[in-house]
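Student: Before anything else, here's the structure in question.
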Amino acid sequence: MAGIGLVLNTAKDALLTQQYAMDVVSHNIANVSTEGYSRQTAIIQASTPIPYGGFIFGSGVGLQEIQREIDSFVETRLRERTSDYAAMAEKETYLSVVEGVFDENSGRSISAQFDAFWNAWSDLSNNPSGSAERAVLLESGATLSQSFNDIRNDLDQFGLELDLALEAGVQKVNQLTSQIATLNEQIISMEIQGNANDLRDQRDMLVRNLSEYLDVNVFQDSQGLLTVTTGRGYTLVSKTDAYALSFESSEVMWEGSTGKVAITDTVTGGKLGGWREVRDSIIPKYEAELDELARAVVWEVNRIHSQGVGLEGMSTVTGAFAVSDSAEELASADSGLDFWDGIETGKTFTLWVFDSAGNAVDTDITVTASTKLNDAGDTANSLVHLINDNAANVTAAEVDGALRITGDSGYTFAFADDESGVLAALGINTFFTGADSLDIRVNDTLKADTTLIAAGRIDAAGAFSPGDNTNALDMVALRDTQVALTRHTYDGVTTSGTDTLQGYFSYLVGSVGIKSQSVRREQEYAEIVVNQLTEMRDNMSAVSLDEEMTNLIKFQHAYAAAAKLISTADEMLQTLLQVR
Amino acid sequence: MRISTKAIYDTVTNNLAHVSDAMLHANQVVSTGKRINRLSDDPVGLVSVLNLRSSLDYIAQLERNITMGDSWLAMGETALAQVEEVLSQAKTLSIQMTSDTQGAEERASAAVEVEGYFHQVLSLANTQVNGRYIFSGTQTATAPFAWDDDGFGNQGIIYQGNDTEFEINIAKGINVAVGRDGTDIFGDDAFDWSDPDAGQANIFKTLLDLKSHLENNETDGIRAAMDELDSHMDNLRSLIADTGAKMNRLELKSNIIQELRLTYTDRKSELEDADVAEAIMDLKAKELAYQAALNSSAKVMKMSLVDFL
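One line per chain: the protein sequences are W and X, in this order. Using the numbering used here, you'd call the opening residue of the first sequence number 1 and step up by one each time. Using the numbering used here, you'd call the opening residue of the second sequence number 581 and step up by one each time.
Written out as structure tokens, the structure is:
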């Protein structure tokens, strides 16, 4: 058919088509601020031409399809970078809190407390019998150990909070993956009729949200279904099925056909990846080094303290460190002593026993590789029996794995020249108890009686004086003594080395600062990249009002022109009908 | 290039966030006066600051130690000088008493005077600073010299301290003796105190011998005691000189500490304190940038084709 009918038909199609285009424009304008919306374009095409009268006439216009403007390359890059950025942002948040824990400008500065502790020993060395100096020293020791406890507790607390965050993160991931699976289903049923643009936008948005939680790989099949896996290939969404993750005993679990697998370590990106890194690699490093330092403080201070003597001899003492098996060699891990490796075998210590007149009798006791705490079947190698058999007027006993020495009535005792380190290892005549940053404390024995703080030493004749400061001076020298201290990396690799106690703490604080600084820089960089990619994506896919306004006018005019066509065709028909 | 409406608004949001973050940081530097407000601001500088703080703290402690040591040494020097003075009086008296013009009666009364000298020396030997004995080795809570059994069944002035000198800490790993082993000053006590020919090197024994020689009117014995007094005074003078040398050393150390304090404080301030003028300039610059960003953003956001249709 041709002629005026064709003009009318063309005009009708044109009206409709321009109206569809206006619909698309209005949809775009309406979604100008919708997050994740991709602008849609009405693809308009000339209709199939019609041969007529020896010519081929165009038959007007039609709507081909409504297309969504996206660049899948940019989308993929954006998704990957979003994962990186989310991980960095979480690390940055937690590290800035960790930084606060180690804040050296606050009153909790361990560095300043080390100074106070050494200065208290120095003051004691200037006035060894002063009870005020002793009280101050005890207080500074307690404050120092309390700070170790506090920092460690805070770090532990972060670990627990991160567990909660991970658990909530896993639930969020499950929610997102099930929504993606549902959308897969909706899209495939809707796309029988055309492009499900808005549903696809929603699905892309969910995938982007998902990538904020963990690093994902996404594949699209020929039907348009998305398969989503974790960065290491554990399937999260396959066609219309979602695989839920679970969180069990601090691990993220993935359940496949062969059962549950812990995939925590494989998550490197997204919030989950950031939390995992802080929980499993950053905090453990700081805790390990804090423990290392606390352990060294306990051992080195105790080693010197156990050489000395307080203002008076002791009437009874119970070791602060207990063995788990009293028939095992003390200098072996089997003994269960925290500081078994500090014992030097083949060395001796001296036990001085004083009667009420001050007469002193010394007993040298040698610690060998086979010395045990208390083995009735091997009294020759049993510390308890060695003391009882060789030293008069004191009684040694084992109390719950700890060594207890008690003087007879009117007798006191003290220790000197412990080359073996066994006294420090058993916690006899020691300043600190505990073996890590969580349980380091001042020995309760000293809290109860500050006269037992060992500022002086017993001389070779068995004499000692409240005015002696020899041991205190040695303690002061510990401030600048290099001791063996192991450093840890974030990957759990250890390097042994030496440092002063305070120097090691400075190193630890420095490494917190450096880590936080580098994470912040990486985060800033990742943020810039994400912003740039977002801008690229938006410039491709998001709505420009200016453009839509232009289109609006364009289609309005086209619509008006098409309407004009109808009225013109109408006039032409009138003209024809008036012909008689 | 196509610019979407969302990109325009996002850019404005991001830029304003960045500029205001920079402004906040500049403000923090100005308001705290510190260049390092968090560990991550300058971790390397912070570790230096920590070490400097610790050094300053240690220096303050050393100053306390030195003040205390100085009082010990000064007291020790005074006591030694007084002992020397007493011995010198004893010698003058002895010279008079060796003269043939002096009779037994004069010598007997001189003996009483020497006994007085003996008690003076004994009390000087037990000199205390803040209740602690300075000539007792490290047994500073024990009076160093007292009458006791000499091990031969007789009474003598027996040393109760030990032979380790009382020390204070004046620098990393350096301790200085500020107290003394009493036997270094007053002589060894391990001999039979009833034997008149023993214990020549002991000041107390010399004075006791001198006293008994005066009582017994023995001029030879008085002369022998005079020689012993000379050797004691020589020893005391060298000990006084040694004490003076130690006091000089402490003073020198104290001066060094003053200088170190200045150097450390300067260095610490350089590392952690903000240059206020620079910080304020920086803050002004950030303020300006923020205002500029606000202005241009307001203009960009206002523009739209919608307004012209």
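We put the CB at the ideal spot given by N, CA and C, even for glycine.
Would you mind reading off the limits of the alpha helix (DSSP H) that contains LEU889(X)?
Tutor: Element bounds for LEU889(X): n/a, residue is neither H nor E.
Student: So is THR10(W) buried or exposed if we call it buried at 16+ other beta carbons inside 10 Å?
Tutor: Classification for THR10(W): buried.
Student: Decide if LEU816(X) is buried, meaning its Cβ has at least 16 other Cβ atoms within 10 Å, or exposed.
Tutor: With 16 or more Cβ atoms within 10 Å of its Cβ, LEU816(X) is classed as buried.
Student: At which residue ranges does the segment 495 to 543 of chain W contain complete beta strand (DSSP E) runs of 3 or more residues, listed in the order of the chain?
Tutor: Correct list: empty.
Student: Kindly indicate which residue of VAL301(W), GLY141(W), ILE66(W), VAL512(W) has the alpha-carbon position closest to the one of ALA21(W).
Tutor: It is ILE66(W) whose Cα lies nearest to the Cα of ALA21(W).
Student: DSSP has TYR52(W) in a bridge; who is on the other side?
Tutor: Answer is PHE55(W).
Student: What are the boundary residues of the alpha helix (DSSP H) that includes ASP728(X)?
Tutor: Run containing ASP728(X): none in the alpha helix (DSSP H); it sits in the beta strand (DSSP E), 725 to 729.
Student: Only counting runs of 3 or more residues, tell me where the beta strand (DSSP E) segments fall wholly within the segment 621 to 648 of chain X, in order along the chain.
Tutor: Counting only runs of 3 or more, we get nothing.
Student: Would you list, in sequence order, the uninterrupted alpha helix (DSSP H) runs of no fewer than 4 residues that lie entirely inside the segment 235 to 304 of chain W?
Tutor: 270 to 277, all fully within the segment 235 to 304 of chain W.
Student: Measuring CB to CB, does ALA414(W) end up less than 8 Å from VAL309(W)?
Tutor: Yes, the Cβ-Cβ distance between ALA414(W) and VAL309(W) is below 8 Å.
Student: Give me the Cα-Cα distance between LEU485(W) and ASP362(W), rounded to the nearest whole angstrom.
Tutor: About 35 Å.
Student: In three-state DSSP terms, what is ILE860(X)?
Tutor: Three-state DSSP puts ILE860(X) in a helix.
Student: What is the DSSP secondary structure of ASP13(W), reduced to helix, strand or coil?
Tutor: Three-state DSSP puts ASP13(W) in a helix.
Student: Would you mind reading off the limits of the beta strand (DSSP E) that contains THR748(X)?
Tutor: Note on residue identity: the sequence assigns Ile, not Thr, to residue 748(X). First-last of the beta strand (DSSP E) with ILE748(X): 747 to 751.
Student: Please classify ARG441(W): does DSSP put it in a helix, a strand, or coil?
Tutor: Note: ARG441(W) maps to strand in three-state DSSP.
Student: With DSSP run on the structure shown, which of helix, strand or coil describes TRP562(X)?
Tutor: Residue 562(X) is absent from the model: chain X starts at 581 and stops at 889.
Student: Using only the alpha-carbon positions, how far apart do ILE530(X) and LEU533(W) sit?
Tutor: Here chain X comprises residues numbered 581 to 889, so residue 530(X) is not present and cannot be evaluated.
Student: With three or more beta-carbon pairs closer than 8 Å as the criterion, would you say the segment 275 to 288 of chain W touches the segment 383 to 390 of chain W?
Tutor: Short answer: they don't touch.
Student: In chain order, what residues of the segment 487 to 515 of chain W put their CB closer than 9 Å to some CB of chain X?
Tutor: The residues in question are GLN502, GLY503, PHE505, SER506, TYR507, VAL509, GLY510, SER511, VAL512, GLY513, ILE514, LYS515.
Student: Could you tell me which of GLY224(W), THR258(W), GLY497(W), ASP355(W) sits nearest to THR240(W), measuring between CA atoms?
Tutor: Residue GLY224(W) is the option with its Cα nearest to THR240(W).
Student: Is ASP772(X) closer than 8 Å to ASN782(X) when the C-beta atoms are compared?
Tutor: In this structure, ASP772(X) does not lie closer than 8 Å to ASN782(X) by Cβ.
Student: Could you give the uninterrupted runs of the beta strand (DSSP E) lying entirely in the segment 679 to 738 of chain X, keeping only those of 3 residues or more?
Tutor: Those beta strand (DSSP E) runs which fall completely within the segment 679 to 738 of chain X and span 3+ residues are 725 to 729.
Student: Between ARG152(W) and GLU287(W), how many whole angstroms is the CB-CB distance? I'm expecting something under 8 Å.
Tutor: Confirmed, Cβ separation roughly 7 Å.
Student: For ASP474(W), which residues of its own chain have a beta-carbon under 6 Å away from its beta-carbon, when the five flanking residues on both sides are left out?
Tutor: Excluding sequence neighbours, ASP474(W) sits near ILE304.
Student: Between the C-alpha atoms of MET1(W) and VAL579(W), what's the straight-line distance to the nearest angstrom?
Tutor: A caution first: MET1(W) carries a pLDDT of 48, below 50, which makes its placement in the model unreliable, though a value can still be read off. Taking the straight line from one Cα to the other gives about 22 Å.
Student: Express the C-alpha separation of LYS882(X) and LYS564(W) in angstroms, rounding to a whole number.
Tutor: Going from the Cα of LYS564(W) to the Cα of LYS882(X) covers about 37 Å.
Student: Give a yes or no on whether the minimum CB-CB distance between SER111(W) and chain X is below 8 Å.
Tutor: Taking Cβ atoms only, chain X reaches closer than 8 Å to SER111(W), which makes this a yes.
Student: Could you check which residue in THR177(W), SER38(W), LEU351(W), GLN146(W) has the C-alpha nearest to that of ASP657(W)?
Tutor: This structure does not reach residue 657(W), given that chain W is present from 1 up to 580, and the question cannot be answered.
Student: Compare the C-alpha of ASP764(X) against each of GLY711(X), ILE754(X), ALA705(X) and name the closest.
Tutor: Looking at the Cα atoms, ALA705(X) is the closest of the given residues.
Student: Cβ closer than 8 Å: which chain X residues qualify as neighbours of ASN531(W)?
Tutor: Within 8 Å Cβ-Cβ: ASP590, ASN594.
Student: Taking the alpha carbon of ASP822(X) as the point to measure from, which residue in ALA661(X), PRO776(X), ALA721(X), GLY696(X) has its own alpha carbon closest?
Tutor: Closest option to ASP822(X), Cα to Cα, is ALA661(X).
Student: Tell me, please, whether the CB atom of ASP637(X) is closer than 8 Å to any CB atom in chain W?
Tutor: Answer yes: the Cβ-Cβ gap between ASP637(X) and chain W drops below 8 Å somewhere.
Student: Thinking C-beta only, is ALA424(W) closer than 8 Å to TRP340(W)?
Tutor: Taking 8 Å as the Cβ cut-off, TRP340(W) and ALA424(W) do not qualify as a contacting pair.
Student: Who pairs with VAL309(W) in a beta bridge, going by DSSP?
Tutor: Answer by DSSP bridge pairing, in chain order: GLY456(W).
Student: If the criterion is Cβ atoms closer than 8 Å, does the pair ASP588(W) and ARG295(W) meet it?
Tutor: What the structure shows of chain W is the stretch from 1 to 580, and residue 588(W) is not part of that stretch, so it cannot be assessed.
Student: Taking just the CA atoms, how far does VAL756(X) sit from GLU139(W)?
Tutor: About 28 Å.
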